[in-house]
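-6 is the number of the first residue of the sequence shown in this note's numbering; add one for each residue after it.
Cβ coordinates follow ideal geometry from the N, Cα and C atoms, glycine included.
The structure displayed is predicted, hence computed values, not measured ones.
Right, one structure below, let's go through it.
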Amino acid sequence: MLLNSYQDIRKRSEQICEPLQTEDYVVQPVVDVSPPKWHLGHTTWFFETFILKPFAIGYKEFNADYNYVFNSYYETIGARVIRTDRGNLSRPSVEDVYHYRDYVDKAMTRFLEEDINEEQKQIMILGLNHEQQHQELLCTDIKYILGHNPLFPEYLNKELSKTGNLPGKFIQIPEGTYEIGYNGDQFCFDNELNRHKVYLNAYSISNTLITNGEYLDFLNSEAYQNFKFWHAEAWDWINANQIRSPMYWHLIDDEWFCYTLAGLKKLDKNETLCHISFYEAAAFASWKGMRLPTEFEWEVASNQFNWGKRWEWTESAYLPYPGFKKAEGAIGEYNGKFMINQMVLRGASEVTSPNHSRNTYRNFFHPHLRWQYTGIRLAK
């Protein structure tokens, strides 16, 4: 079962990259975007480092330099290429990275054909979920790379499924004490634990997400020029960076266009808004006389609306739950070290890997970031 899951997930990462040309694999336009080649190498390094090297008897490391090249942020594992330099790695080549994947996949197949213990199984499951996280990052990073190419090349010759909304309404949630956090016997990340109680005042939350057309009204009201809707830090950000519209929106001859994975298209006003920063989401909510939900409000209400097409900004800072405990060693660096200066997003997106979403999943990003498929749900 684990072997089948491993092979399916590893195959999907390579399928995501199939439409790319060689040059697309090595570009790093900004620090937050990693080259596709690096994602393919890093996810392979994870299995080599945490499974094969400690547990596979007789395993011979593919290339000792790859620990330096493909380690992401694990201080326990040793020195690494700094994040901003990933795009300078012309070597190893794309061909070398695919050879690396093939080498490790063959060794992993041999390893998984034998019985493994519970510790090894849990690291394997973490590794599979880790690669699924990088599959979503592959999609968003590829879109950023191609979407900032002046020619706006297409990645696919068709768009992803439309995500427009049905007429919405606000769902009323009564005050009370609710349980939050993962509750089950399947995999979850450590930041989803421990399950605990929270008290919520009565609130209402929209059962739909904001569309491009609704956000266009915000933009046309000159809200980007009106300080009263923005946090002070957000106001500094939009002015310092001359932000006047969502990422991938382009005003051409007085008509709005949007870059999609199928290339540059006329803006569809009925499509669900995406690629919005927390700053913009909070300002839009303020302009509407409402607010963003907290992550706890979102989780409690999530079984009453459809979610999963956009990561949804919440008003909650990314902090540990009561009783949160980091694992020992490098695995313990996975989530806890990032619990500062970031905001929580809930849900999933249209490029989230299959079977990789649940209503307790806590994504987290800095408030200015927009390259993920991020959207807005209002509360009041």
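Reducing DSSP to helix, strand and coil, say where residue i ends up.
i    : result
N122 : helix
I375 : Look at the range of the chain in this structure, -6 to 373, and you will see that residue 375 is not part of it.
A233 : helix
L285 : coil
W306 : strand
S238 : coil
C267 : coil
K373 : coil
N20  : The sequence as given places Val at residue 20; Asn does not occur at that position. Of the three classes helix, strand and coil, the one that applies to V20 here is coil, per DSSP.
Y252 : strand
Q165 : strand
R339 : strand
F222 : helix
L260 : coil
K170 : Sequence inspection shows Thr at residue 170; the Lys mentioned does not correspond to that position. Strand.
F357 : strand
G368 : strand
Q14  : coil
T345 : coil
R3   : helix
A380 : No answer is possible for residue 380: it lies beyond the span of the chain, which begins at -6 and ends at 373.
V26  : coil
P47  : helix
G301 : coil
I333 : coil
Buried or exposed: which applies to residue i, given that a residue is buried once 16 or more other Cβ atoms fall within 10 Å of its Cβ?
i     : result
M(-6) : exposed
G169  : exposed
V26   : buried
N219  : exposed
I333  : exposed
S295  : buried
P239  : buried
T102  : exposed
L149  : exposed
I9    : buried
T77   : exposed
G71   : exposed
N14   : The displayed chain sequence assigns Gln, not Asn, to residue 14. Classification of Q14: exposed, given that the 10 Å Cβ count is below 16.
H127  : buried
D95   : exposed
I2    : buried
L144  : exposed
G177  : exposed
A216  : buried
I166  : buried
V24   : exposed
S214  : exposed
H359  : exposed
Anyone know if the C-beta pair for residue i and residue j falls short of 7 Å?
i    : j    : result
F48  : Q113 : yes
I269 : T367 : yes
E129 : T345 : yes
I164 : Q297 : yes
A372 : R284 : yes
Y192 : V293 : no
N299 : K262 : no
F55  : G34  : no
F40  : V90  : no
K162 : V87  : no
A276 : W223 : yes
W230 : Y272 : yes
F180 : I118 : yes
R339 : W280 : no
Y61  : R73  : yes
A199 : R370 : What sits at residue 199 in the sequence shown is Ser, not Ala. Yes, Cβ-Cβ distance for S199 and R370 is below 7 Å.
Y59  : A100 : no
P28  : Q21  : yes
V337 : E264 : no
Inset, instruction - Would you check if the region 244 to 263 and the region 130 to 145 touch, i.e. whether three or more CB-CB distances between them fall below 8 Å? - result: Yes: at least three Cβ pairs fall under 8 Å.
Inset, instruction - Check whether the region 313 to 320 touches the region 182 to 196, counting contact only when three or more Cβ pairs, one atom from each stretch, lie closer than 8 Å. - result: Enough Cβ pairs lie closer than 8 Å, so yes.
Inset, instruction - Quick one: which unbroken beta strand (DSSP E) runs of 3-plus residues sit fully inside the region 55 to 116? Chain order, please. - result: With a minimum length of 3 residues, there is no unbroken run of beta strand (DSSP E) contained wholly in the region 55 to 116.
Legend entry - contact_flag[the region 300 to 309, the region 232 to 250] where n(CB pairs < 8 Å) is 3 or more: No: fewer than three Cβ pairs fall under 8 Å.
Inset, instruction - Evaluate contact between the region 43 to 58 and the region -5 to 11, counting only Cβ atoms and requiring at least three cross-stretch pairs below 8 Å. - result: They do not touch, by the three-pair rule.
Inset, instruction - List in chain order: all unbroken alpha helix (DSSP H) runs of 4+ residues lying wholly within the region 174 to 217. - result: The region 174 to 217 is shown to contain whole alpha helix (DSSP H) runs of 4 or more residues at 205 to 213, in chain order.
Inset, instruction - Determine contact between the region 317 to 331 and the region 274 to 290, defined as no fewer than three beta-carbon pairs at a distance below 8 Å. - result: No, the region 317 to 331 does not touch the region 274 to 290.
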